[in-house]
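Asks: Taken in sequence, the protein lines are chains A, P, E, G and C.
Going by the working numbering, the first residue of the first sequence is number 43, and it counts up by one from there.
Going by the working numbering, the first residue of the second sequence is number 4, and it counts up by one from there.
Going by the working numbering, the first residue of the third sequence is number 4, and it counts up by one from there.
Going by the working numbering, the first residue of the fourth sequence is number 136, and it counts up by one from there.
Going by the working numbering, the first residue of the fifth sequence is number 2, and it counts up by one from there.
First the structure, which I've put down as structure tokens, then a few questions once you've had a look.
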Amino acid sequence: ADVTLNIESWRGDDLTIWKDKLIPAFEAKNPGIKVVFAPSAPTEYDAALGAKLAAGSAGDLITCRPFDKSLELFKKGNLADLSALPGMENFSPVAKAAWQTDDGKSSFCVPMASVIHGFIYNKDAFDKLGIKVPTTRDEFFAALDKIKADGTYIPMAMGTKDLWEAATMGYQNIGPNYWKGEEGRAALIKGEQKLTDKQWVAPFEELAKWKPYLGDGFEAQTYPDSQNLFTLGRAAIYPAGSWEIGLFNTQAQFKMGAFPPPVEKAGDTCYISDHTDIGIGLNAASKNADAAKTFLTWVASPDFATIYANALPGFFSLNSAPVKMEDPLAQEFVSWRDKCKSTIRSTYQILGRGTPNLENETWVESANVINGTDTPEAAAKKLQDGLDSWYKPGK
Amino acid sequence: MGSLVIENVKKAFGPVEVLKGINLEVTDGEFVVFVGPSGCGKSTLLRVIAGLEDSTSGRVVIDGADVSATPPAKRGIAMVFQTYALYPHLTVKNNMGLGLKQAGTPAAEIDRRIGIASSMLSLEPYLERRPAELSGGQRQRVAIGRAVVREPKLFLFDEPLSNLDAALRVNTRLEIAQLHRRLKATMIYVTHDQVEAMTLADKIVVLNAGRIEQIGGPMELYNSPANEFVAGFIGSPKMNFIDGARLGETAKTIGVRPEHLTVDAKSGAWKGTVVHAEHLGADTNLYLDCEKAGLITVRIFGVYDAEPGATLYATPEPGKTYRFGADGKTIK
Amino acid sequence: MGSLVIENVKKAFGPVEVLKGINLEVTDGEFVVFVGPSGCGKSTLLRVIAGLEDSTSGRVVIDGADVSATPPAKRGIAMVFQTYALYPHLTVKNNMGLGLKQAGTPAAEIDRRIGIASSMLSLEPYLERRPAELSGGQRQRVAIGRAVVREPKLFLFDEPLSNLDAALRVNTRLEIAQLHRRLKATMIYVTHDQVEAMTLADKIVVLNAGRIEQIGGPMELYNSPANEFVAGFIGSPKMNFIDGARLGETAKTIGVRPEHLTVDAKSGAWKGTVVHAEHLGADTNLYLDCEKAGLITVRIFGVYDAEPGATLYATPEPGKTYRFGADGKTIK
Amino acid sequence: MSLATRSLPRTIGAHAILLTYTVIALFPVILVIMNSFKSRAGIFSEPLTPPTPKTFDLIGYNTVIGQGDFIHYFQNSLVVTVASLFFVLLFGAMAAFALSEYRFRGNTLMGLYLALGIMIPIRLGTVAILQLMVASGLVNTLTALILVYTAQGLPLAVFILSEFMKQVSDDLKNAGRIDGLSEYTIFFRLVLPLVRPSMATVAVFTMIPIWNDLWFPLILAPSEETKTVTLGAQLFLGQFVTNWNAILAALSLAIMPVLILYVIFSRQLIRGITSGAVK
Amino acid sequence: MAARPKRPFRWHIGVFLAPAVLVYTAIMILPLAGTLQLSLFRNIDQQQVFIGLENFRTLFGDPNWSVGFWNALRNNVWFFIIHMLVQNPIGVLLAALLSSPRLRFAAFYRTAIFVPTILSFVIVGFAWKLILSPLWGVAPHLMDLVGLKSLFTPWLGKEQYALTALSLISVWQFIGIPMMLIYAALLSIPEEVIEAAECDGITGMSQFWKIKLPLILPSIGIISILTFVGNFNAFDLIYTAQGALAGPNYSTDILGTYLYRAFFGFQLQIGDPNMGAAIATMMFLIILGGVCVYLFLVQTRLRRYQF
Ligand SMILES: Nc1ncnc2c1ncn2[C@@H]1O[C@H](COP(=O)(O)OP(=O)(O)OP(=O)(O)O)[C@@H](O)[C@H]1O
Ligand SMILES: Nc1ncnc2c1ncn2[C@@H]1O[C@H](COP(=O)(O)OP(=O)(O)OP(=O)(O)O)[C@@H](O)[C@H]1O
Ligand SMILES: [Mg+2]
Ligand SMILES: [Mg+2]
């Protein structure tokens, strides 16, 4: 009889891609295995998955959040060790790092994609106002001033209502240029740097300067509001994650371009956040482990990478084999990997595992800084204090 | 103040016509008693007068003004409900005082009036109780008290004494009569009690199946009923009706009141056998099965010993018989 | 089946003692009437018998078995509530039929009994109505019907006829008497109506303030009341009580019933002035203010014309006066 | 009551207040329904205007109909809601009757015990409930949902109903007892019909969270065969992309059945019993 | 006096209680009890270790937890106060108006006013975010119509307003519940009593205050306690409108959201069922306290009237 594999996922967005492209491609090659992609709402996913795993009714394949969320599942024995899975060799250690034990000995999810931060802009608007794509901060703010002075467009589409925009598209987007990407991130984990250090406070200071360029009432502006504001052509610049590409392509009626976070002076090394975001693992309690492993091996293959990356422009393959992408905007984003240094979000590895949670606090504080309710210094201090309360580097 | 005119009032509940055109005039200060069989529309008529029920057609005029659009509160009435309708959450005292308080009567005056009413109704020991803690008769008295304290120009009483014992009933009846004299208010009073009707009324209105059968003074109704219905309804035990043909009379029906028959062991008009004797103490009711007149009731003053089966002769008092035509009307 | 013994039953609501030790024996098939002033505990006693209220102390024995622990449903009784307590959501028919249906009586039998009861109570036109659509008297009849159809061994009636008109009351009273004969059931009946009490009862129980004053047959109570209270309570208008000292008697109080006084314009025992005359048709009540006897009531058979202010002499019938001692007890 | 008991200014005042509040209550809802018939650009550029030929778009409804078997989801929702409702009302009323009618030892404690459930979000018990369902093989059946919702609805139902049952006249129940009715008949034939208005109220309160619940369908019965509407609609809630057209359409559609159920139940309120039984 | 026979065991009480108690115990109480007892344990190396009240000490002693807890509690109290002051009086008012006899369109009003209550939180959240959003301009536009545009602020995004705004949205959504309950209670007042009041001259407002209100007091007690329980358990609206972090800056955090984050975790924060259970226990105790006050102090003192 056929084996049916259920995939647990928070990516309801991808339902049609799985149904129409990925699953048929897999099933064609692997007769006898049926795959069902069963997503749940992203906000419920972790809680629902946790309950199902605990009770033993979860699906065979589990989409993995990066770092501690999945590590925790692995520690509990919910995720199977995939270190020996055929196909894992297709990924670099950096790609696998998000789904490994701290000592790097066991891998438990097959990496699927990463996302890159930067800014997407309305090319038509830039052309109309005669603005060049900014590469330095001064140019960036000059451009914002010009747009603001003109008044046709809201300079920058971002709101603080949903909090995470401020942190992810704000702080984590522009931050690596200040803390020098991996260098700063590693130093923070080792305890050699503090969040109150200049290079960590500076991104907050820049964020605080964004406020005048955001739309009226940005405090109550939600993430979909921001998306709509930009795609309906009412805003000129959108602090983005690469995942927006697919949606923006279908929705925006104007030409778009992208630029990486501007550096201080022309010629400085640029850093980008190229964040490992999504993987897929095997439910340790699965009754169809063999079939599931077959599937995972396929996910690790370049075949999958090509289909996935092209179907979801902006979710970049982590596979070592180069993937050819059609989408120009996606190509633009991925091209930054060559000229800038990549790093992942500073709060994810190790630092995101305690209470108070550094990532969540960064959301709140980034929004507070933009809203003007906290100074950059105060925000940084709160974050560091929170971290100090549980994180003792070196121990 | 207190006059009432009812003009051709009709009331139907869906298809059921309950009042079929009532015309009535009550002058100021009059005491009018409504009597009639159960379900004939007495309560409904009171409710129409009070403004609790819309009449289907016709007008109600109080003090010369058509009150169809006047809410009950503005009609200057007080009503004692057949179902009492006490406020379950208020003590006896507050049940009585609420209306006055609402009207802004000074507290001292309220207390005074409640004092009078409760002593008149022997309710003093219960002033602090709630309705649920009262006996049936006590509740009924509270309902009376609630109407009485308001001293309105028009009282509507719906069987206010039905649950009181004889002594209390006589007392309360006298108190109501006195109240009537003192306040000079108009009173409309529904009762099933003949004694109440006869003693209290200036004018009795006999209702039957939604129609007025006769209006008149108590003794007028007793002495000259307009028709068979009124003749039978007023007086208890009720009038004996005898088929005229059997007595060789021209009238369809001959009526004799039980109290207008005398009995004799030896001779008399109608020979009959005693079927049953009811001993009420002050009087005795004999049920006789007469050859000529059929089953008749005879009321005798005092104690009268008669064994069932005994033969007796009953004789109507001369001039005290009534004659009714085929249409039920009294033949003069 | 149907005998009832009440042994020293007491009942208090909080601090208020309502029944103060009731002892009563009712033999099977007896018709017992409870009378007493409003609030004396009649309903409470019925409710204790029915098992709706726990007595504070004492026992109730039905058919030889202590029923303190028997739920009302198992006591084989039917009760007519003073408050009717009809089921508001059921039609008249279902109100009457529900108990039978529960007992598993066949539908045809249920219909038959409802038919009998409703014709006996003139309820046929209303069988499909709900209580809210009935008049007060109709509701009361439904309450009677509901008890009657069940044909139990023990009936408890709490003022069942209070809201019926005179004619219907007489009818229903006769029907109840017939039912009593037919079913040979025991009946306990609370009433304020003297006629009902006198005509229906095998035995009348006079209650006062939670105590039994006297138990006896109707004429026994009328003729030989045990004390002043009973003498005054039985009979309407009530007995005249005259201060013995004023009449030069040794007894504290002398009692004469109004119907045992004769009047004469010229001579008699007590000279008095007519204060008020009540014309009831069949009789007349005269209120005389006598020099010797104070204010007294005289009941005269038939119509008697007497203007207020006229002078009349009242004379008690020989042998029909009662003598009461200082403790209220009758002196034989 | 009669016409005369109503005063015109008061009636106008009442209508004014009610109308104002009706507008406040309906405005957001109409906004949602209106916008469900518009294109995305239409929704966000002119949310206030009704669909114009330019902005009219059924894309939302097309997506909903095309995505999954919504008729079937509706059916599931309906079965679950109605069945749970039935049990909540039946069991809840029975327990409420026991608590309000009989004095027995531990009465109040039992009342408190049955009320505990409204004090902790049942979500916290998810794992244990799921384990129970896995053990009894009820995962991915509607029965599992019905059981959970029955348990979830009971405390509130008992709480409210016992209060209302205390208001049913003792004389009436006693009349029933004397009539020889068993306690069960008294409950079913006398008390239940008399508390019908509050039953309707409880039915409405119980129904809404059940119909709108997302969590337990997701956990206990996420399979295609047992999906409920709300769970079906969440497909359109993405991580970064929310298909507002589809969400609005799905939810507008989902309003209808509850609205109909509500109207049915609230009719029971009006047909509530007029008094007149007790003198 | 002879001893009274003992009352036979009343089986029917058991029969009436059994189904509810069984279902409820098996599916609600046992799982929840199982969860609450986690508050006495801590997960150490994937083992649940009994630690007594240590979690509670953490909750109240460690500012990382206690600050959030007190903040949530404070917000929750405010949330509750708004409901009591706004939702219930308006609900009673609407019910009173609706129950006036022979009111035309009563069924329409009743249904319309109840519609928000039957909506899912997703719709409510969406609709109000849309209305209050400064971008799409519904609220500013409407306020412009009445000349109040200058008063507009992005309420949901401002710390000082967000909680109040959300409370009012919640009031908007749930007003149907007090309305329905009070309406049902008002309908059960016997008509004759109202008629007696009409005759007594007690009409309009004073009829409401003096006759109806005392008679529906038990129902008002019920809605108060239900509001209390509902508010201290509230979660969904805040969660859908403001997210699990209950922004801005935790200003809309209430016990429900606080508990959710702790129990199930959020984003990178991993759920901690033990601390979550400790918080849930505290919530439970708070609500239980309220309910006990109601059951033992208020309810027993409320007079009920049988109709
Ligand atoms: N629940 C209660 N709490 C306190 N007192 C009560 C309660 N119920 C009745 N009573 C009192 O007990 C006494 C007897 O009441 P009961 O109803 O038995 O009187 P009754 O003889 O039937 O009077 P009636 O002829 O007026 O119906 C009354 O004085 C009444 O006030
Ligand atoms: N809501 C109603 N719907 C239909 N019929 C009704 C309604 N209310 C009363 N009736 C009928 O109207 C008639 C008159 O009722 P009403 O209450 O006026 O009688 P009544 O003369 O007061 O009788 P009673 O002496 O028995 O109190 C009755 O036959 C009754 O059945
Ligand atoms: Mg009547
Ligand atoms: Mg009584």
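Every residue gets a Cβ at the ideal spot worked out from N, C-alpha and C, and that includes glycine.
The structure displayed is predicted, hence computed values, not measured ones.
#1: Quick one: does the C-beta of Asp168 of chain E sit closer than 7 Å to a heavy atom of ligand 3?
#2: So is Ser207 of chain C in contact with chain P if we call contact Cβ pairs under 8 Å?
#3: Inspect the CB distances between the stretch 109-116 of chain C and the stretch 198-205 of chain C and report whether three or more fall short of 8 Å.
#4: In three-state DSSP terms, what is Glu10 of chain E?
#5: Take Val294 of chain C and list the residues in its own chain whose beta-carbon comes closer than 8 Å to its own, dropping the five residues that flank it on each side.
#6: Residues bridged to Thr300 of chain E by DSSP?
#7: Quick check on Phe37 of chain P - is its C-beta less than 8 Å from some C-beta in chain C?
#8: If I'm right that Gly148 of chain E touches Ala110 of chain E with Cβ under 8 Å, what's the distance once you round it to whole angstroms?
#9: Determine, using beta carbons only, whether Phe17 of chain C comes closer than 8 Å to chain A.
#10: Give a single yes or no on whether Leu37 of chain C has its beta carbon closer than 7 Å to a heavy atom of ligand 2.
#11: So, does the CB of Met2 of chain C fall closer than 8 Å to a CB anywhere in chain P?
#12: Run through the DSSP bridge pairs and tell me what Lys111 of chain A is partnered with.
#13: Looking at Thr314 of chain P and Thr276 of chain P, is the spacing between their C-beta atoms short of 8 Å?
#14: Who does Glu28 of chain E pair with in a DSSP beta bridge?
#15: Residues of chain C with CB closer than 8 Å to the CB of Tyr90 of chain P, please, in chain order.
#16: Mapping the DSSP letters down to three states, classify Ala3 of chain C as helix, strand or coil.
#17: Run through chain C and tell me which residues come within less than 8 Å of Arg395 of chain A, C-beta to C-beta.
#18: Show which residues of chain G have a CB atom less than 8 Å away from the CB atom of Pro117 of chain C.
#19: Check whether the Cβ of Ile113 of chain E lies closer than 8 Å to any Cβ atom in chain G.
#20: Using 7 Å as the cut-off, classify the Cβ of Gly213 of chain E as near or not near the heavy atoms of ligand 4, replying yes or no.
#21: Could you tell me whether the Cβ atoms of Glu223 of chain P and His263 of chain P are closer together than 8 Å?
#22: Tell me the rounded alpha-carbon separation between Lys111 of chain A and Ala126 of chain A.
#23: Using only alpha-carbon positions, find the residue among C:His84, C:Leu187, C:Ala197 and C:Leu60 that is nearest to Ile170 of chain C.
#24: Which same chain residues end up closer than 7 Å to Ile264 of chain G when comparing Cβ atoms and leaving out the 5 residues on each side of it in sequence?
#25: Within the continuous alpha helix (DSSP H) that includes Val164 of chain G, where are the two ends?
#26: Whole beta strand (DSSP E) runs in the stretch 230-273 of chain P with 3 or more residues, listed along the chain?
#27: Is there a Cβ from chain E that is less than 8 Å from the Cβ of His195 of chain P?
#28: Smallest Cα separation from Tyr129 of chain E: which of E:Ile113, E:Asn97, E:Ala150 and E:Arg115?
#29: Kindly examine ligand 4 and report whether one of its heavy atoms sits closer than 7 Å to the Cβ of Gln85 of chain E.
#30: Ser138 of chain E touches chain P at which residues, Cβ-Cβ below 7 Å?
#31: Alpha helix (DSSP H) containing Thr282 of chain C: first to last residue?
#32: On a Cα-Cα basis, can you pick out the residue from C:Ala73, C:Asp46, C:Thr118 and C:Phe42 that is closest to Arg58 of chain C?
#33: Indicate, with yes or no, if ligand 2 has a heavy atom lying under 7 Å from the CB of Glu193 of chain C.
#34: How is the beta strand (DSSP E) around Ile37 of chain A delimited, first residue to last?
#35: Can you pull out the residues from the stretch 38-58 of chain C whose beta carbon lies closer than 8 Å to at least one beta carbon of chain A?
#36: In chain G, which residues lie less than 8 Å from Lys94 of chain A when you measure between Cβ atoms?
Replies: Let's see:
#1: As a position in the third sequence, residue 168 of chain E is number 165, starting the count at 1. No, ligand 3 has no heavy atom inside 7 Å of this Cβ.
#2: The sequence position of residue 207 of chain C within the fifth sequence is 206, counting from 1. Yes - at least one Cβ of chain P is within 8 Å of the one on Ser207 of chain C.
#3: no
#4: Within the third sequence, the letter at position 7 stands for residue 10 of chain E. Correct three-state label for Glu10 of chain E: strand.
#5: The residue labelled residue 294 of chain C in the question sits at position 293 within the fifth sequence. The answer is none, since no qualifying residue turns up.
#6: By 1-based counting over the third sequence, the position of residue 300 of chain E is 297. DSSP output for Thr300 of chain E lists E:Tyr290 as bridge partner(s).
#7: What you label residue 37 of chain P is simply residue 34 of the second sequence in a count that begins at 1. Answer no: the Cβ-Cβ gap between Phe37 of chain P and chain C never drops below 8 Å.
#8: The sequence position of residue 148 of chain E within the third sequence is 145, counting from 1. The sequence position of residue 110 of chain E within the third sequence is 107, counting from 1. About 17 Å; that fails the 8 Å criterion.
#9: Mapped onto the fifth sequence, residue 17 of chain C falls at position 16. Cβ-Cβ to chain A under 8 Å: no for Phe17 of chain C.
#10: In the fifth sequence, counting from the first residue as 1, residue 37 of chain C sits at position 36. The answer is no for Leu37 of chain C.
#11: As a working note, residue 2 of chain C is residue 1 in the fifth sequence. With a pLDDT of 41 at Met2 of chain C, under the threshold of 50, the modelled position of this residue cannot be trusted; read the value that follows with caution. No, no contact with chain P.
#12: Within the first sequence, numbered from 1, the residue matching residue 111 of chain A stands at position 69. DSSP, once it has assigned bridges, lists no residue as partnering Lys111 of chain A.
#13: Along the second sequence, one-based indexing puts residue 276 of chain P at 273. Along the second sequence, one-based indexing puts residue 314 of chain P at 311. Closer than 8 Å, so yes.
#14: To locate residue 28 of chain E, count along the third sequence from 1; it is residue 25. According to DSSP, Glu28 of chain E bridges with E:Val8.
#15: Within the second sequence, numbered from 1, the residue matching residue 90 of chain P stands at position 87. Residues of chain C passing the Cβ test: Val194, Ala197, Ala198 and Ile212.
#16: For the purposes of this step, residue 3 of chain C is taken as the residue at position 2 of the fifth sequence. Legend: pLDDT at Ala3 of chain C = 46, less than 50; position of this residue unreliable, value from coordinates given subsequently. In this structure, Ala3 of chain C counts as coil in the three-state DSSP scheme.
#17: Sequence index remark: in the first sequence, residue 395 of chain A carries index 353 (1-based). Result: Leu269 and Ile271.
#18: What you label residue 117 of chain C is simply residue 116 of the fifth sequence in a count that begins at 1. Here the neighbours are Ala160, Pro163 and Val164.
#19: Taking the third sequence and counting its residues from 1, the one referred to as residue 113 of chain E is at position 110. With 8 Å as the cut-off, Ile113 of chain E does not count as an interface residue toward chain G.
#20: In the third sequence, the residue the question calls residue 213 of chain E occupies position 210. It does not: the Cβ of Gly213 of chain E is nowhere closer than 7 Å to a heavy atom of ligand 4.
#21: Along the second sequence, read from residue 1 onward, the residue named residue 223 of chain P stands at position 220. Along the second sequence, read from residue 1 onward, the residue named residue 263 of chain P stands at position 260. No, they are not a contact pair.
#22: Translated into the one-based positions of the first sequence, residue 111 of chain A becomes position 69. Translated into the one-based positions of the first sequence, residue 126 of chain A becomes position 84. The alpha-carbon atoms of Lys111 of chain A and Ala126 of chain A are separated by roughly 22 Å.
#23: For the purposes of this step, residue 170 of chain C is taken as the residue at position 169 of the fifth sequence. When each option's Cα is compared against that of Ile170 of chain C, the closest is C:His84.
#24: For this step, residue 264 of chain G is matched to residue 129 along the fourth sequence. So the qualifying residues of the chain are Val283.
#25: Position 29 of the fourth sequence holds residue 164 of chain G. Note, Val164 of chain G: alpha helix (DSSP H), Leu143 to Ser171.
#26: 243-246, 256-259 and 264-267
#27: As a working note, residue 195 of chain P is residue 192 in the second sequence. Yes, because at least one Cβ of chain E sits closer than 8 Å to the Cβ of His195 of chain P.
#28: Within the third sequence, residue 129 of chain E is the residue found at index 126, counting from 1. Out of E:Ile113, E:Asn97, E:Ala150 and E:Arg115, E:Asn97 has the C-alpha closest to the C-alpha of Tyr129 of chain E.
#29: Locating residue 85 of chain E in the third sequence gives position 82, where the first residue counts as 1. Yes, Cβ of Gln85 of chain E sits closer than 7 Å to a heavy atom of ligand 4.
#30: For this step, residue 138 of chain E is matched to residue 135 along the third sequence. Going along chain P in sequence order, the residues near Ser138 of chain E (Cβ under 7 Å) are Ser41, Gly42 and Ser46.
#31: In the fifth sequence, residue 282 of chain C corresponds to position 281, counting from 1. Pro274 to Cys293 is the span of the alpha helix (DSSP H), which, as asked, contains Thr282 of chain C.
#32: Taking the first residue of the fifth sequence as position 1, residue 58 of chain C is located at position 57. Minimum Cα distance to Arg58 of chain C is reached at C:Phe42.
#33: Residue numbering aside, residue 193 of chain C sits at position 192 when the fifth sequence is read from its first letter. Not so, every heavy atom of ligand 2 lies at least 7 Å from the Cβ.
#34: Because chain A spans 43 through 437 in this model, residue 37 of chain A falls outside it and cannot be assessed.
#35: Gln47
#36: Counting from one through the first sequence, the residue named residue 94 of chain A turns up at place 52. Chain G residues near Lys94 of chain A: Leu265 and Ile354.
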